[in-house]
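*Asks:* What follows is a structure written as structure tokens; I'll ask about it next.
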């Protein structure tokens, strides 16, 4: 554990909680892609199956359980409790275009051809692109609520901090995981355009809106 | 090569 890793995990946790609180407090999931949230629930479910097979640390177990629990709670709020506010007409990204190729790639490029390892690899690849339906929704509506942009910022920062964590681990522990690193780089790159808008607009007190 | 059995990262 190093500072980048811990800060990354906390940023990830902050993102998840910001989103849950936003939906709960405003009683609305307008502007939020339910599809991205389903993908994240799928990511956590397939990645953390090792909860059942191996124990790493209390921290590790606790965070995994919280991430999974929050992911399903978010999906529940969007598709059940506040279904009436869900922006289904704009949330039209075709997730099969992500899940099918990512599933195929997980079968082809993995560390070990075993069920748990393939599912873990699938989750890493899927996480790297799971935000696309959300970014697609924002590009369609042309705007995002400020609280939604804080959520996206924390989520992007999380993976960027993991990149520093991997550099740290490579130098000090000789550890590297090529699958996680490549997917993490892809994931971080997807947020770059958003980071730019966040810094130039949201941090200056303006609402995030895209030119028509 | 990486360790594939224990995943300590989240």
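Protein chains in written order, with the numbering used here: chain A, 3 to 214; chain B, 4 to 13.
Here a beta-carbon is modelled for each residue, glycine too, at the ideal position from N, C-alpha and C.
Near residue 34 of chain A, what residues of its chain come up, given a Cβ to Cβ distance below 6 Å and the 5 sequence neighbours on each side ignored?
*Replies:* Sequence index remark: in the first chain, residue 34 of chain A carries index 32 (1-based). Result list for residue 34 of chain A: empty, nothing under 6 Å.
*Asks:* Label residue 48 of chain A either buried or exposed according to how many other C-beta atoms from any shown protein chain fall within 10 Å of its C-beta, with 16 as the threshold for buried.
*Replies:* One-based indexing of the first chain puts residue 48 of chain A at position 46. So residue 48 of chain A ends up on the buried side.
*Asks:* Confirm, please, whether the CB-CB distance from residue 211 of chain A to residue 144 of chain A is below 9 Å.
*Replies:* Counted from its first residue, the first chain places residue 144 of chain A at position 142. Counted from its first residue, the first chain places residue 211 of chain A at position 209. For residue 144 of chain A and residue 211 of chain A, yes; Cβs fall inside 9 Å.
*Asks:* Should residue 111 of chain A go down as buried or exposed, given a rule of 16 or more other Cβ atoms within 10 Å for buried?
*Replies:* The sequence position of residue 111 of chain A within the first chain is 109, counting from 1. It is exposed - the Cβ of residue 111 of chain A has fewer than 16 other Cβ atoms within 10 Å.
*Asks:* On the premise that residue 100 of chain A lies in contact with residue 131 of chain A, defined as a C-beta separation below 8 Å, what is that separation, rounded to the nearest angstrom?
*Replies:* Here residue 131 of chain A refers to the residue found at position 129 when the first chain is read from its first residue. Here residue 100 of chain A refers to the residue found at position 98 when the first chain is read from its first residue. That pair is a contact at about 5 Å.
*Asks:* According to DSSP, is residue 175 of chain A helix, strand or coil?
*Replies:* For the purposes of this step, residue 175 of chain A is taken as residue 173 along the first chain, with counting starting at 1. In the structure shown, residue 175 of chain A sits in a helix (DSSP, three-state: H, G or I).
*Asks:* Check the Cβ-Cβ distances between residue 11 of chain A and every residue of chain B, and say whether any is below 9 Å.
*Replies:* Taking the first chain and counting its residues from 1, the one referred to as residue 11 of chain A is at position 9. Judged by the 9 Å Cβ criterion, residue 11 of chain A is in contact with chain B.
*Asks:* If we cut at 9 Å on Cβ distances, does residue 9 of chain B have a partner in chain A?
*Replies:* For the purposes of this step, residue 9 of chain B is taken as the residue at position 6 of the second chain. Closer than 9 Å: yes.
*Asks:* Can you find a CB in chain B that lies within less than 9 Å of the CB of residue 122 of chain A?
*Replies:* On the first chain, residue 122 of chain A is found 120 positions in, with the first residue counted as 1. Residue 122 of chain A counts as touching chain B.
*Asks:* Check the Cβ of residue 65 of chain A against every Cβ in chain B and list those closer than 8 Å, keeping chain order.
*Replies:* For the purposes of this step, residue 65 of chain A is taken as the residue at position 63 of the first chain. Within chain B, the residues near residue 65 of chain A are 13.
*Asks:* Can you tell me whether DSSP reads residue 146 of chain A as helix, strand or coil?
*Replies:* Counting from 1 along the first chain, the entry for residue 146 of chain A is found at position 144. Note: residue 146 of chain A maps to strand in three-state DSSP.
*Asks:* Pull up the distance between the alpha-carbon of residue 167 of chain A and that of residue 11 of chain B, whole angstroms please.
*Replies:* Numbered from 1 along the first chain, position 165 holds the residue referred to as residue 167 of chain A. Numbered from 1 along the second chain, position 8 holds the residue referred to as residue 11 of chain B. Spanning the two alpha carbons is a distance of roughly 13 Å.
*Asks:* At 9 Å on the CB atoms, spell out the chain B contacts of residue 18 of chain A, in chain order.
*Replies:* Position 16 of the first chain, counted from the first residue, corresponds to residue 18 of chain A. In chain order: nothing, as chain B lies at least about 11 Å away.
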